[in-house]
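Okay, so the sequence shown: first residue is 6 according to this note's numbering, each after it adds one. All residues carry an ideal CB built from backbone N, CA and C; glycine is no exception. What follows is a single structure, written as structure tokens, with notes after it.
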Amino acid sequence: MDFTDRQTDIINIILSKEKANLSEIRSLLTENISIPTLNRELDKLIYHKIIQKIGRGRTKAYALSPMNN
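Right, dumping it as structure tokens:
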């Protein structure tokens, strides 16, 4: 899978923190994007098994999928 610059930035943020929640990712991105747009990007990375969700609701975070560690 070829990653967009934004997806690469998201992956690098998660890599640097081991896991990150939505607000952490959004605040560390170099461009200002909406929450729905960020959710779509995260969903694409989850679909391709690059990252995984950890937890639910307000405690939800994102981490690299085990096969990508």
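Note down the Cα distance separating residue i from residue j, rounded to an integer number of angstroms.
i: T42; j: P71; result: 25 Å
i: E36; j: L47; result: 15 Å
i: K54; j: G62; result: 20 Å
i: I30; j: F8; result: 17 Å
i: A66; j: K22; result: 11 Å
i: T13; j: I59; result: 20 Å
i: S39; j: K49; result: 16 Å
i: M81; j: L69; result: Outside the displayed span of the chain (6 to 74) sits residue 81, for which this structure offers no information.
i: R45; j: R11; result: 11 Å
Please look up how many angstroms separate the CB atoms of residue i and residue j, rounded, as I've assumed it's under 8 Å.
i: I19; j: I51; result: Wrong, their Cβ atoms sit about 11 Å apart, outside the cutoff.
Using only alpha-carbon positions, find the residue among the options that is nearest to residue i.
i: N26; options: L69, T64 and D48; result: T64
i: L33; options: I16, R61 and R45; result: I16
Self-check item: Runs of beta strand (DSSP E) wholly within the stretch 26-73 (minimum 3 residues, chain order)
Solution: 56-59 and 66-69
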